[in-house]
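Below is one structure, written out as structure tokens; the observations come after it.
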Amino acid sequence: MKAINRGVANARDWKPAENLPRVIDVLRDARRVLITMHRGPDGDALGSSLGLAVALREMGREVVHYNPDQLPYNLRFLPGSDAVVRTVPEGSFDAMVACDSGALHRLGSDLPTAERRGVTINLDHHLTTDPFGDINYVDPAAAAVGVLVFKIIAGLGHPLSANAAAGLYASILTDTGCFKYSSTDPECMRISAALLEAGVDPWEMASRIYESQPLARVKLLGEVLGTLATSPSGKFASILVARDMVARTGRTDDLTDGFINFARSIDGVEVAASFSEPLDGTDAWRISFRSRGTVNVAAVAQQFGGGGHHNAAGCTVKGDLTTVRAAIGAAVDAAL
Ligand SMILES: [Mn+2]
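Structural data, given as structure tokens:
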């Protein structure tokens with residue numbers, strides 16, 4: 632059973648089959664394209680946007696690929712990563728494509744004005760996406776945004792290269808938790824098969840993304856797991872990523888991706904949360920949620936101004952840790 636708009640009141644009908652050809656039409660005519668993704672990109676945001684950027688460049692388009700943040704250590708090997716720029720150059724664009732973003736403000740501060748960015752295209756599969764695009768190609772049933780990009784490239788009639796396929800495979804591999812999550816469906820498996828046929832080496836991808844961890848990350852995991860707390864019912868588990876723990880790694884990039892899954896993987900746990908202390912000294916805690924499936928954590932995150940998917944969501948809450956933890960714990964309790 633897939634998590635399609637479960638638990639979200641008045642979920643929009645995004646009509647993805649109608650919007651896919653609109654995206655293809657715009658990109659067929661576009662000469663200069665700005666490609667963006669959400670800040671702090673994950674495998675889906677970066678991989679799907681890389682797949683599109685690589686393919687459009689192969690088609691002779693001028694592509695600017697923008698994200699203001701450092702790319703994750705384990706994804707910088709992906710073809711096209713070295714062309715991602717942290718500021719947007721001058722000039723105007725025929726189209727701007729936003730991948731996996733959910734909201735315009737998640738794209739970064741250097742975004743051109745609406746008139747400079749041309750047709751704004753929102754590619755997403757979040758339940759809680761803002762319809763900020765001129766075209767919103769949003770498909771909550773898609774396992775990853777890479778699935779949407781695969782269809783766009785096919786619709787443009789462009790043969791998939793190994794370089795473009797690598798980004799799309801990274802998108803699907805990471806967003807399905809290595810083909811484990813309930814979002815894993817026959818469609819993403821068929822597309823992944825096509826990506827292997829285009830030249831992707833599955834063990835190379837898995838080993839570079841998941842088995843090339845910096846030693847500092849594994850040591851940080853040990854510290855973070857030391858903070859593990861569970862509710863009396865045993866259904867809610869939480870971990871804390873404190874600023875001083877992060878400082879001891881001596882690294883500026885985020886090494887904590889996936890830590891929350893250890894909390895969810897405990898027998899009996901339905902919901903896991905990770906509380907990340909802000910590194911900038913403010914009191915805006917970043918909270919990530921993971922659900923085993925019974926609870927819609929996107930709805931929990933929405934109560935605090937955040938959003939996401941049925942089984943993976945996040946929000947930012949200001950306050951001291953005790954107060955924030957109590958508020959989140961109460962909201963999760965109510966949802967359980
Ligand atoms: Mn995604």
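Quick note: the sequence shown uses my numbering, first residue 632, plus one each step.
From the three backbone atoms N, C-alpha and C, an ideal C-beta is built for every residue, glycine too.
Close beta carbons around residue i, own chain, < 6 Å, minus the five adjacent residues each side
i: residue 643; result: none
i: residue 859; result: 870
i: residue 872; result: 855, 887 and 907
i: residue 697; result: 667, 716 and 719
i: residue 638; result: Residue placement at residue 638 is poorly supported in this model, since its pLDDT is 45, which falls under 50; the coordinates still yield a value, given next. Cβ within range, chain order: 927 and 930.
i: residue 680; result: 666, 668 and 730
i: residue 632; result: Caution is warranted here: a pLDDT of 29 is assigned to residue 632, below 50, making its placement in the model unreliable, and the coordinate value is therefore given only provisionally. Result list for residue 632: empty, nothing under 6 Å.
i: residue 684; result: 666, 694, 696 and 711
i: residue 759; result: 929 and 938
Burial state of residue i, where buried means 16 or more other Cβ atoms lie within 10 Å
i: residue 932; result: buried
i: residue 809; result: exposed
i: residue 835; result: exposed
i: residue 748; result: buried
i: residue 811; result: exposed
i: residue 716; result: exposed
i: residue 949; result: exposed
i: residue 788; result: exposed
i: residue 823; result: buried
i: residue 678; result: buried
i: residue 682; result: buried
i: residue 833; result: exposed
i: residue 838; result: exposed
i: residue 727; result: buried
Helix, strand or coil at residue i according to DSSP, with G and I counted as helix
i: residue 850; result: helix
i: residue 922; result: strand
i: residue 942; result: coil
i: residue 680; result: helix
i: residue 910; result: coil
i: residue 956; result: helix
i: residue 812; result: coil
i: residue 930; result: helix
i: residue 690; result: coil
i: residue 947; result: strand
i: residue 966; result: helix
i: residue 704; result: coil
i: residue 632; result: Annotation note: pLDDT 29 at residue 632 (below 50); position unreliable, coordinate value reported separately. DSSP places residue 632 in coil when its eight states are reduced to three.
i: residue 821; result: helix
i: residue 961; result: helix
i: residue 732; result: coil
i: residue 712; result: helix
i: residue 802; result: helix
i: residue 900; result: coil
i: residue 695; result: strand
Cβ neighbours of residue i in the same chain (closer than 7 Å, five flanking residues each side left out)
i: residue 1017; result: With the chain covering only 632 through 967, there is no way to say anything about residue 1017.
i: residue 848; result: 886
i: residue 647; result: 768, 769 and 770
i: residue 874; result: 908 and 910
i: residue 826; result: 796, 799 and 800
i: residue 880; result: 847, 851 and 886
i: residue 659; result: 787
i: residue 776; result: 675, 679, 730, 731, 754, 755, 756 and 802
Proximal residues to residue i (C-beta, below 8 Å), its chain only, five neighbours per side dropped
i: residue 737; result: 669 and 670
i: residue 782; result: 651
i: residue 763; result: 729, 734, 735, 751 and 753
i: residue 840; result: 674, 705, 706, 801, 804 and 805
i: residue 918; result: 904, 905, 906, 907, 932, 935, 937, 945, 946, 947, 948, 955 and 959
i: residue 923; result: 895, 900, 901, 902 and 942
i: residue 765; result: 750, 751 and 752
i: residue 709; result: 677, 678, 681, 797, 798 and 801
i: residue 967; result: 864, 866, 867, 901, 902, 925 and 926
Report the residue ranges of all beta strand (DSSP E) runs contained in full by the segment 829 to 894; include only those spanning at least 3 residues, in chain order.
867 to 872
Whose CB is closer than 5 Å to a heavy atom of ligand 1? List the residues in chain order.
Chain-ordered list of matching residues: 675, 731 and 806.
Where are the beta strand (DSSP E) runs, 3 residues long or more, that stay fully inside the segment 736 to 791, in chain order?
With a minimum length of 3 residues, the continuous beta strand (DSSP E) runs that stay inside the segment 736 to 791 are 750 to 755 and 766 to 769.
Enumerated in chain order, which unbroken segments of the beta strand (DSSP E) with a length of 3 residues or greater are wholly contained in the segment 642 to 675?
663 to 668
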